[in-house]
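Following: one structure in structure tokens, then a few remarks.
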Amino acid sequence: MDYSSILKTPEYDFLQKDEHLGNHIILLGLAGSYSYGTNNENSDIDIRGIALNRRSDLIGLTQYDQYVDKHTDTTIYSFNKMISLLLSCNPNTLELLGLNPEHYLYLNDIGKGLIEHTELFLSKRAIQSFGGYADAQLRRLQNALARDSYPQSEKEQHIYNSVKNGMYDFMKHYEEFDNGSMRIYIDKAVNSEMDTEIFIDTHLTHYPLRDYKNIWSEMNNIVKDYDKIGKRNKKKDDNHLNKHAMHLVRLFMMAIDILEKGEINTYRRDEQELLLDIRRGEYQKEDGTFSKEFYEIVSDYEHRLEYAAKNTKLPDSPDMNKVQEYVMSVNETVIRKEHCEYK
Numbered sequence: 339m340d341y342s343s344i345l346k347t348p349e350y351d352f353l354q355k356d357e358h359l360g361n362h363i364i365l366l367g368l369a370g371s372y373s374y375g376t377n378n379e380n381s382d383i384d385i386r387g388i389a390l391n392r393r394s395d396l397i398g399l400t401q402y403d404q405y406v407d408k409h410t411d412t413t414i415y416s417f418n419k420m421i422s423l424l425l426s427c428n429p430n431t432l433e434l435l436g437l438n439p440e441h442y443l444y445l446n447d448i449g450k451g452l453i454e455h456t457e458l459f460l461s462k463r464a465i466q467s468f469g470g471y472a473d474a475q476l477r478r479l480q481n482a483l484a485r486d487s488y489p490q491s492e493k494e495q496h497i498y499n500s501v502k503n504g505m506y507d508f509m510k511h512y513e514e515f516d517n518g519s520m521r522i523y524i525d526k527a528v529n530s531e532m533d534t535e536i537f538i539d540t541h542l543t544h545y546p547l548r549d550y551k552n553i554w555s556e557m558n559n560i561v562k563d564y565d566k567i568g569k570r571n572k573k574k575d576d577n578h579l580n581k582h583a584m585h586l587v588r589l590f591m592m593a594i595d596i597l598e599k600g601e602i603n604t605y606r607r608d609e610q611e612l613l614l615d616i617r618r619g620e621y622q623k624e625d626g627t628f629s630k631e632f633y634e635i636v637s638d639y640e641h642r643l644e645y646a647a648k649n650t651k652l653p654d655s656p657d658m659n660k661v662q663e664y665v666m667s668v669n670e671t672v673i674r675k676e677h678c679e680y681k
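Using my numbering, read the sequence shown as starting at 339 and increasing by one per residue.
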């Protein structure tokens, strides 16, 4: 598929028309599942890019960080913003420097130069950034599965805690007040389908109806949100969980490549089938939890990442003098108006 052809469609006209983009663009590339090689029939095409800061941003009074078009899932970062993200080894932006050649939709000489300077941005900071992202994916996975598999009494305790947290100010100031009292607590259930249940004791006299409505509304919304968990769209949510699981493993793969080889390999050709199997739910059991084999895969990658982190030859942090020289040379072309036009 010629992905670059989509840029010629009317919905991408903003690339030419927006004052921050146009001839300031130095790189456009695929992002998300298409760039990883994990796309399926439901995948959207996401685009990420980089545009040079304008002269007025560099030596004038204007400021610009990024352009976002939600309709086309497109985000274009300013050059200086991108440099800042790359220096922190931000996974979502670092992967833009390691795409397959055919996944770059536009690339001028300055864009090519940025890719050629990739090593400037690779450091041990990737341990924390990629590891942190992977940990967040794992926590999401565990939390979602835990919420579904909690015994009823534990779910009720979570609802109770949420009510207390969400209504902290109310409970603090109004548990007892001039018009009466209100107490929320857990006790043996009256409902035959439950073990424990949340109860409320109230004694109110001459209490404003609208204030009472607000109190009731707060509690009702919290309970309603939790009840939705038990009535979730299983197919939709399972797809979402499997996608989280796939990204967890993919992040480990990319981090290990960076630490061991000093390379950004966004497209996971060698591990494509494994990642697609995870996304398709091959490692998810009928009850929605994940198989022992999946957690063994995760454990293996965790150990490999730990080993790579201890033995990497990457510097602790980037050489800021070299980065400074490179950034100044690029921004000088803007001030001198020597950059190439995006067409």
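We put the CB at the ideal spot given by N, CA and C, even for glycine.
Please report how far the alpha carbon of residue i lies from the alpha carbon of residue j, in whole angstroms.
| i | j | result |
| --- | --- | --- |
| isoleucine 594 | leucine 643 | 6 Å |
| glycine 469 | glutamate 624 | 29 Å |
| aspartate 539 | glutamate 609 | 58 Å |
| leucine 547 | proline 348 | 54 Å |
| serine 637 | isoleucine 616 | 15 Å |
| methionine 666 | asparagine 603 | 27 Å |
| lysine 419 | asparagine 391 | 9 Å |
| isoleucine 560 | tryptophan 554 | 10 Å |
| glycine 436 | serine 394 | 30 Å |
| tyrosine 415 | asparagine 517 | 56 Å |
| tyrosine 405 | valine 668 | 20 Å |
| aspartate 351 | isoleucine 383 | 16 Å |
| leucine 476 | leucine 353 | 36 Å |
| isoleucine 596 | lysine 660 | 20 Å |
| threonine 534 | aspartate 576 | 28 Å |
| aspartate 657 | phenylalanine 590 | 25 Å |
| lysine 346 | glutamate 457 | 33 Å |
| valine 587 | leucine 613 | 8 Å |
| isoleucine 453 | phenylalanine 459 | 10 Å |
| histidine 362 | glutamate 440 | 22 Å |
| threonine 413 | arginine 674 | 26 Å |
| lysine 510 | proline 653 | Residue confidence is low: lysine 510 scores 49 on pLDDT, short of 50, so the model does not pin down where it sits. No coordinate-derived value is stated. |
Out of the options, point me to the one whose CA is closest to residue i's CA.
| i | options | result |
| --- | --- | --- |
| isoleucine 536 | Tyr498, Ser655 and Ile465 | Tyr498 |
| leucine 434 | Ser467, Leu365, His409 and Met584 | Leu365 |
| glutamate 494 | Ile465, Lys526, Arg521 and Ser467 | Lys526 |
| alanine 647 | Tyr405, Gly370 and Gly600 | Gly600 |
| histidine 641 | Thr410, Pro439, Ile465 and Leu460 | Ile465 |
| threonine 671 | Ser343, Ser371, Ile397 and Leu353 | Ile397 |
| aspartate 403 | Ile421, Thr410 and Asp411 | Ile421 |
| asparagine 380 | Lys581, Thr456, Leu589 and Leu452 | Lys581 |
Please look up how many angstroms separate the CB atoms of residue i and residue j, rounded, as I've assumed it's under 8 Å.
| i | j | result |
| --- | --- | --- |
| glycine 375 | arginine 606 | 6 Å |
| glycine 367 | leucine 443 | 6 Å |
| arginine 521 | serine 655 | Actually they are not in contact, since the Cβ atoms of arginine 521 and serine 655 sit about 55 Å apart, beyond 8 Å. |
| tyrosine 664 | histidine 409 | Between histidine 409 and tyrosine 664 the Cβ distance is about 34 Å, and since that is not below 8 Å, they are no contact. |
Shorter than 6 Å, the distance from the beta carbon of residue i to the closest heavy atom of the ligand FAD, or not?
| i | result |
| --- | --- |
| threonine 671 | Summarising the ligand content, the structure contains no ligands, and the ligand FAD is consequently not present. |
With a cut-off of 8 Å, do at least 3 Cβ pairs link the stretch 620-635 to the stretch 375-388?
The stretch 620-635 vs the stretch 375-388: no contact.
Which full runs of the alpha helix (DSSP H) of 4+ residues lie inside the stretch 629-681, going along the chain?
Runs found: 630-649 and 658-673.
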